[in-house]
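Read through the structure below, which is laid out as structure tokens, and then see the notes.
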Amino acid sequence: MLDSNLALFLLFVASCFVILAHILSSQNNKTCQNFPPSPPGLPIIGNMHHLGRGHHHRKLQALARQHGDIFLLRLGSVPALVVSSASMAEEVLKNQDHVFCGRPQQRTARGLLYDCRDVGFSPYGERWRQLRRIAVVHLLSAKRVDALRVLRDEEVASLVARIRASAVALEDGSGRGKLRAVNMSELAVSLTYTVISRAAFGNKLGGMDPGTVRAMMEEVTGLLETVGVSDMFPRLRWVDWAMGLDARIKRTAGKLDGMLEGALQEHEKKPENGEEDADLLDDLLALVTEGGEKLNLDRIDIKGLILDLFIGGTDTTSKTIEWAMAYLIKNPREMAKVQEEVRQVAGPQGVLEEHLGRMSRLQAALKEAMRLHPPVPLLIPRETIKDTKLHGYHIPAKTRVIINAWAIGRDRKSWQNPEEFLPERFVHNAIEDYNGKDLRFIPFSAGRRGCPGIAFATRLAELALANLMYHFDWELPEGQDVESFEVVESSGLSPALKLDPTLVLSLLFVLSCFAVIRSLWSGRKDSSRVLPPSHPTLPIIGNLHQLGRGILHRKLQVLAQRHGSLFLLRLGTVPTLVVTSASMAEEVLKNQDHIFCGRPQQHTARGLMYDCRDVGFSPYGERWRQLRRIAVVHLLSVKRVDSFRVLREEEAASLVGRIRTASSPENTGTKQRAVNLSHLIVSLTYTVVSRAAFGNKLGGMDTQVFRETAKEVFDLLETIAVSDMFPRLWWVDWLMGLDARTKRTAKKLDGVLERALQEHERSSASNNGKSGDLLDDLLSVVKEGGEGLKLDRVDVKGLIFDLFIAGVDTTSKAIEWAMAELIKNPREMAKLQDEVRQVAGPQGVMEEHLGRMSRLPAALKEAMRLHPPVPLLIPRETIQDTKLHGYDIPAKTRVIINAWAIGRDSQSWEHADQFLPERFMHHAIDYNGKDFRFIPFSAGRRGCPGIVFATRLAELALANLLYHFDWELPEGQDVESFEVVESSGLSPALKFPLILVAKPLQE
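Take the sequence shown: its letters are residues -21 to -1, 1 to 982, numbered as in mature numbering (1 follows the signal peptide of the UniProt record, and there is no 0).
And the structure:
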């Protein structure tokens, strides 16, 4: 999925050009201009190495101590001015605000915010002024914020109620019980999302679930915190495309626009309810109708403005509440003073907004928390719109400007004891507001680019904090004390340099040079060996350019037609043997199976599958043998598969019922509706495999959430990392976010599996020896000693998830492809339906009927011959040097077996590209890999142990589909034009969902 193709080669060439351009630019730009002081830079990357990983505002503060309150960095090819004192901030944000008011066009902001057609990221100019005026006057004015008072009161009351419910006492045997700890951070985020969502959209989200909206907005915020390579090196914008950032932005932007468009349409449809019921999106739509402040506003402007509110409001408010609570916990005396004030001022019902004006200490505590931890420590960068002078230094146009609000808030020249939490400084100080007039305190920035939503954010933060102080006494959980409690910030900037491109281009260049030398040297060293034939290679990337984008098994088949059924590729630095015939497959999977039984340690598999502690991806050895024995004997034996017969029959019947419901005519006399059979088949396999593996015990997690997590895992396991092709370039996977994505998904997956494990452990005592699900079986094996192997929880998780990955994918694709081929071949479908309906009883097909059906399994096998679920079987690896067909095959050679090409080899199959189930009726070919012309489940010791599990469900489902319904294409399509087209990827399904009309059999 990474589709590396020419990526690294292009990076190498481009890096050479960048170096050349840098040298020429340095020579041409040597002038006598007086620039601010700057730490020494490196070629190409400039000062990026000074930032490194971690807290960038802290690192910039340290640099300011060396170089002064203003200093210049070169981040890649971009000059960046860093401001670290109130006096310099005043010069930038007040005296020369008209010069420092530009905004650099961040790559992710352009992609997500409609080419920056919003207030926050828009270029400075007349359009920005008009948009900001609309935000200030119509959306975030004091009057409009006041109008949302009831909403805030309701949601804060709801927050208090949720805390009460979450903190109910747990019985400890004494009858009194202890209060449960609550996740205050999560509750603060939930509060701000709910308030802002209701203020912006009311309850009109186009039918979208609020949780989905929140997840999407978190995804958007994460991307806006990501700095693309092109933000530092504008000429290298193609790197963002090559490494997948552009695709990720486009995917997220599409989902985001769909949500906003749905909300817009719902608001446009709704009847007029009067101003009191209007939300902010209603206000914007009214402006469009009225002419929009004499600006030609359109739907894009509305979406950009409403998104700004979400992005700015949620992050600012929740972090303010969280930091204030953390500091009050750390300083119990200050908390006691705030609580005393709040409880004296508020009435018996709690704190209402009219009380807040009389709470000076509460407001001071909030400001002090924001002084120490401004929501955005490095304010959103500005940019000079023309050349200027600052403190005697020349500042060119297009200079990026970073204002370190965090360092300014802790500057000893401005604050006494700046590292201490002392709210009194705001009680006795003339800093009365957040508006940036005192440049020592600028959590919301200042000047014309200052945040227009200060009142909206602070009003909610004050109300929430006051009610938290009024209704509850707070303390740390048992085992923690105030002295050991640390108020520690996470890494990053919010927005943070998540990409963290430290030394990136310099390292790419140097490592690319080493790769060239290594490639040449490796070629010399292998010259004495007789290697299989190979297509000519390019430096560094080897044969990656031969694969390109698209359908890899087809491209490898074409290469086999040129070079033979056994040939060698060099994918990056990895030698890769490609096997494309039954005779060569037999040699690899049977005769030398003991040598070709290794498994390359795929980067994403290591990250997701507990460092490959499972059966599918585990290195060959004693541990793998024991794990496989457990899978074969305890989980997937014929006897155990038979025990799930009732489950399969129930879910097959449920599938039939769902098809009847989905296909029934909307009105009497109308035609049957088409159904998305692909979706229904995937749902069937997910449900069967999930129930077999976990029963109904998923730790309280919704099955849809688990399915989405599993989908993320599938996508990652199909992703080829740079380090899979270039092991020494492992840091590129970290740099481009693959490691973070893998780690994030692995954490979610482990959470699901851990909760399921805990629920099974709790319920194991009540099973009374009855046969449970497969996870119960595994826990029993662990308890009994695990076939002589000391299994632990990680092994259990790896084994159970192997079943899930393989079972869902294999079975659903087998059924889907079989149905597609039968639709394309109606005569074969008719023959098969005759057989099924003759054998089955009036209630439909049961498992005892399957053994009397010869044409059904033949059709399924024929579909899997043409479309094996994994066309290129999971790669193997040689564990020692060997000879194959007279060629030398070194140890650690990756081995790709093209099962798709073997299944279509004209030397093995007559009319190889045609769907002819009869060929399996006249030959005793099974799925077990003994006939190497047909290996959809691989063969040998690394063959799939779950063949019976997968094929039993596939046969039962397919038989019932053909028994209960007559199938045809939707109106307007015919068999001749219907194409059975596969998608791209390592495990392709149909390119387009299988949409069919199901006509129920008149029983």
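All C-beta atoms, glycine included, are put in the ideal place defined by N, C-alpha and C.
Query: Cross-strand partners of Val61 (DSSP beta bridge); Result: Phe50 and Ile381
Query: Tyr906 (DSSP reduced to helix, strand or coil); Result: coil
Query: Alpha-carbon to alpha-carbon, His524 and Pro512; Result: 17 Å
Query: Exposed unless 16 or more other CB atoms sit within 10 angstroms - verdict on Val199; Result: buried
Query: Ala68 vs Ile421 beta-carbon contact at 8 Å; Result: yes
Query: Own chain, CB closer than 6 Å to Leu39, minus 5 neighbours either side, in chain order; Result: Val61 and Asn383
Query: CA nearest to the CA of Val594, picked from Asp718, Asn804 and Leu606; Result: Leu606
Query: Simplified DSSP assignment, three categories, for Ala376; Result: coil
Query: Cα-Cα separation, Val124 to Leu118; Result: 8 Å
Query: Own chain residues within Cβ distance below 6 Å of Gly777, not counting five before or after; Result: Met588, Tyr589, Arg592 and Asp593
Query: Where Arg549 falls: helix, strand or coil (DSSP); Result: strand
Query: Chain-order list of residues whose beta-carbon lies under 7 Å from that of Gly47 (same chain, five-residue window excluded); Result: Pro16
Query: As assigned by DSSP and simplified to three states, the class of Leu288; Result: helix
Query: Environment of Ser507 [buried if 16+ CB atoms lie within 10 Å]; Result: exposed
Query: DSSP three-state assignment for Thr559, whether helix, strand or coil; Result: coil
Query: Own chain partners of Met563 with C-beta closer than 6 Å, once the 5 adjacent residues on each side are dropped; Result: Ser544 and Leu545
Query: Same chain, Cβ closer than 8 Å to Lys416, neighbours up to 5 away in sequence not counted; Result: Ala425
Query: Ala880, DSSP secondary structure in three states; Result: helix
Query: Nonlocal neighbours in the same chain, by C-beta distance under 7 Å from Ser485, ignoring five residues either side; Result: Because Ser485 sits at a pLDDT of 41, beneath the cut-off of 50, its placement in the model cannot be relied upon, and the following sentence gives the value as read from the coordinates. Taken in chain order, the residues that qualify are Leu21, Pro22, Ile23 and Ile24.
Query: Nearest residue (CA-CA) to Ala376, options Leu538, Glu403 and Phe14; Result: Phe14
Query: Beta-carbon proximity check, Val692 vs Ile784, cutoff 8 Å; Result: yes
Query: Rounded C-alpha distance that separates Lys970 from Gly529; Result: 12 Å
Query: Backbone secondary structure at Glu889 - three-state DSSP; Result: coil
Query: Element boundaries [beta strand (DSSP E), containing Asp945]; Result: Phe944 to Glu947
Query: Residue burial classification, Ser833 (beta-carbon count within 10 angstroms, cutoff 16); Result: exposed
Query: Cβ distance (whole Å) where Ala842 is taken to contact Ile858 below 8 Å; Result: Not really, about 34 Å apart at Cβ, beyond 8 Å.
Query: Cβ neighbours of Asp223 in the same chain (closer than 6 Å, five flanking residues each side left out); Result: One point to set straight first is that residue 223 is Gly, not Asp, in the sequence displayed. The answer is none, since no qualifying residue turns up.
Query: Reduced DSSP secondary structure (H/G/I, E/B, other) of Ala344; Result: helix
Query: Simplified DSSP assignment, three categories, for Asp867; Result: strand
Query: Contact check, Ala65 vs Arg419, beta carbons under 8 Å; Result: yes
Query: Contained alpha helix (DSSP H) runs [length at least 4] in the region 71 to 142, N- to C-terminal order; Result: 86 to 91, 105 to 113 and 121 to 126
Query: As assigned by DSSP and simplified to three states, the class of Gly432; Result: coil
Query: Test: Arg772 CB closer than 8 Å to a CB of chain B; Result: Here there is only one protein chain, and chain B is not present.
Query: Beta strand (DSSP E) segments (min. 3 residues) lying fully within the region 819 to 870; Result: 861 to 863 and 866 to 868
Query: Backbone CA spacing between Asp280 and Asp97 [nearest angstrom]; Result: 7 Å
Query: Option nearest His532 by Cα separation, candidates Trp302, Pro706, Arg141 and Ala880; Result: Ala880
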